[in-house]
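Q:
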Amino acid sequence: MSEEQYLSLCEQYFAGKCSPEEISLLLSYQSENGLNHDFDGPGKEQLRLLLLARIHHDIAPQVPRRIWFRSIPFRIAASIAAAILVFIFIHTFYKPAEVQHQQVNVKKTEPIPADIAPGSANAVLTLADGKSIQLDEHKNGLLNDQQSGVISKSGDGIVLTAKDKKAGENLAALNKISIPRAGKYYITLSDGTKVWLNSSSSLSFPTVFSGNTRKVLLSGEGYFEVAKDKKKPFIIDVNGRQQVEVLGTHFNISAFEDDQNITTTLLEGSVKVNTKNKSALIKPGEMVVNNLDDRLMVKQADIDEVMAWKNEQFVFSNENITSVMKKISRWYDVEVDYKGNMDHINIEGNYSRSKGLKSLLKNIEMLDKVDFSVKERRVTVIAK
Numbered sequence: 021m022s023e024e025q026y027l028s029l030c031e032q033y034f035a036g037k038c039s040p041e042e043i044s045l046l047l048s049y050q051s052e053n054g055l056n057h058d059f060d061g062p063g064k065e066q067l068r069l070l071l072l073a074r075i076h077h078d079i080a081p082q083v084p085r086r087i088w089f090r091s092i093p094f095r096i097a098a099s100i101a102a103a104i105l106v107f108i109f110i111h112t113f114y115k116p117a118e119v120q121h122q123q124v125n126v127k128k129t130e131p132i133p134a135d136i137a138p139g140s141a142n143a144v145l146t147l148a149d150g151k152s153i154q155l156d157e158h159k160n161g162l163l164n165d166q167q168s169g170v171i172s173k174s175g176d177g178i179v180l181t182a183k184d185k186k187a188g189e190n191l192a193a194l195n196k197i198s199i200p201r202a203g204k205y206y207i208t209l210s211d212g213t214k215v216w217l218n219s220s221s222s223l224s225f226p227t228v229f230s231g232n233t234r235k236v237l238l239s240g241e242g243y244f245e246v247a248k249d250k251k252k253p254f255i256i257d258v259n260g261r262q263q264v265e266v267l268g269t270h271f272n273i274s275a276f277e278d279d280q281n282i283t284t285t286l287l288e289g290s291v292k293v294n295t296k297n298k299s300a301l302i303k304p305g306e307m308v309v310n311n312l313d314d315r316l317m318v319k320q321a322d323i324d325e326v327m328a329w330k331n332e333q334f335v336f337s338n339e340n341i342t343s344v345m346k347k348i349s350r351w352y353d354v355e356v357d358y359k360g361n362m363d364h365i366n367i368e369g370n371y372s373r374s375k376g377l378k379s380l381l382k383n384i385e386m387l388d389k390v391d392f393s394v395k396e397r398r399v400t401v402i403a404k
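Using our numbering, the first residue of the sequence shown is number 21, and each one after it goes up by one.
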């Protein structure tokens, strides 16, 4: 390569017109002719200014017009070109790593809080003999084989299948399925009754129903689709405060320990609610509310709102923010604090239970009634 060709290639490179092959040719020529050394001579100040511009403005390399570049001896011009090329090589290949390192440091010093995922299928099965099984850690299949029946896992639920009802074991002994905060599960009992359980809920049940009734114990919230059997009523004992008696029907019971009322809502069939002193019979579309004084009040139900949890929704119909946050705290397993007066802050709207907490809170904030602050698993509700 001639001197003229070399300088011409340098100018093409600085103008951004060099091909990869031409750049390789430039570097090879510099190496062969000993041009990769520090330059100290005429034109040094122009080179310094050029490099400063490259550093401070991160622009494509430029050189003064061809006049000064061509007006100095070839050896000096070649050295300037070589120095610039070496600098650009270092700047180009080392700068990204430096920037990446700085970004990593920023992430460490200013972490962005992770979103809180919604609840999922999660439960603990405690057998009548005291053995506990963490259901989300087990694959589908047999969980427990008893003389009277077997308990198996199927998807996000468990299924009980009766065997010998006359076996010698204690048929009155109860198993218990417990749903933690941010959990849900369903169970198919040995008579074919299906029960869906909400978070912070539990159901105690025998492996096989014996005697003249089918009895279970409920705490929290569950939706029941009871298999019909006119000879054996299905009875739910709710927190020791009331009993719900049915023959075959679909209904929902909400009886969380931190709620004052127990509500029983009927979707299909008929239901009789009994307390120590009173009883009430309700029709489809009605609900009976049992307060702390054991007074039973029958009224029309908002079925969409009642069944929202089972349908992966939150439905709030002019519901106070404290009641709203109870439901949210159970499903996302968070603690809640309040700042300001919440007495007159009511929430309306339908929201998905399958999205992260941030999305839900952002949508509620759009009502312009409250703001939220989230730190780890604690949510602060701030009245506006």
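Even glycine gets a Cβ: it sits at the ideal position worked out from N, Cα and C. Fair warning: this is a prediction, and the values are worked out from it, not measured in the lab.
1) Let me know the secondary structure DSSP gives K347 once reduced to three states.
2) G203: which of P253, E325 and W329 sits nearest, CA to CA?
3) Tell me whether the region 312-331 and the region 287-301 touch, counting them as touching only if at least three CB pairs, one residue from each stretch, are closer than 8 Å.
4) Express the C-alpha separation of N340 and N361 in angstroms, rounding to a whole number.
5) Classify D354 as helix, strand or coil using the three-state DSSP reduction.
6) Look at the alpha carbon of T146 and the alpha carbon of L223, and state the distance between them as a whole number of angstroms.
7) Starting from the C-beta of H77, find all residues in its chain whose C-beta is less than 6 Å away, skip the five residues before and the five after it, and write them out in chain order.
8) Take F194 and list the residues in its own chain whose beta-carbon comes closer than 8 Å to its own, dropping the five residues that flank it on each side.
9) Using the Cβ count rule (16 or more neighbours within 10 Å means buried), how would you classify R398?
10) For the alpha helix (DSSP H) containing D324, name the first residue and the last one.
11) Alpha carbons only, please: which of F244, Y358 and R373 is nearest the one belonging to G139?
12) Which value, in whole angstroms, describes the spacing of the CA atoms of V326 and R350?
13) Return the chain-ordered list of same chain residues with a C-beta closer than 6 Å to the C-beta of D353, the five sequence neighbours on each side being excluded.
14) In the DSSP output, which residue or residues are listed as bridge partners for V236?
15) Any idea if F276 is buried or exposed, counting beta-carbon neighbours within 10 angstroms, 16 or more meaning buried?
16) Would you identify the three-state DSSP class for L194, choosing helix, strand or coil?
17) Buried or exposed: which applies to N338, given that a residue is buried once 16 or more other Cβ atoms fall within 10 Å of its Cβ?
18) Where does the unbroken alpha helix (DSSP H) through N383 begin, and where does it stop?
19) For N259, collect the residues of the same chain with a Cβ closer than 8 Å to its Cβ; drop the 5 residues on either side in sequence, then sort them by chain order.
20) Which stretch, first to last residue, makes up the beta strand (DSSP E) that contains L155?
21) In three-state DSSP terms, what is L147?
22) Provide the residue span of the beta strand (DSSP E) that contains G169, from first to last.
A: According to the structure shown:
1) The answer is helix: DSSP assigns K347 an H, G or I state.
2) When only C-alpha atoms are compared, the closest one is W329.
3) Verdict: yes, contact present.
4) Cα to Cα, the separation comes out at about 12 Å.
5) A small correction: the amino acid at residue 354 is Val; Asp does not occupy that position in the sequence shown. V354 falls in the coil class under three-state DSSP.
6) Each residue's alpha carbon lies about 10 Å from the other.
7) Because H77 carries a pLDDT of 42, less than 50, the predicted location of this residue cannot be relied on, and the following value inherits that uncertainty. Same-chain partners within the cutoff: there are none.
8) It should be noted that the sequence gives Leu, not Phe, for residue 194. Take L194, set aside five residues on each side of it, and the residues of its chain with a beta-carbon closer than 8 Å to its own are A148, S224, F225, P226 and L237, in chain order.
9) Sixteen is the threshold: since fewer than 16 other Cβ atoms of the shown chains lie within 10 Å of the Cβ of R398, the residue is exposed.
10) Taken as a continuous stretch (DSSP letters only), the alpha helix (DSSP H) holding D324 covers I323 to V326.
11) Among F244, Y358 and R373, the Cα nearest to that of G139 is on R373.
12) Their backbone Cα atoms lie some 16 Å apart in a straight line.
13) Here the set comprises R201 and A202.
14) I256, per the DSSP bridge assignment.
15) Label assigned to F276: buried.
16) Three-state DSSP puts L194 in a strand.
17) Around the C-beta of N338, fewer than 16 other C-beta atoms lie within 10 Å, and the residue is accordingly described as exposed.
18) Boundaries of the alpha helix (DSSP H) around N383: L377 to E385.
19) Residues of the same chain with a CB within less than 8 Å of the CB of N259, apart from the 5 flanking positions on each side, are L238, S239, A275, E277 and I282 in chain order.
20) From DSSP, L155 is part of no beta strand (DSSP E); its letter is neither H nor E.
21) L147: coil per DSSP, three-state reduction.
22) That run of the beta strand (DSSP E) goes G169 to S174.
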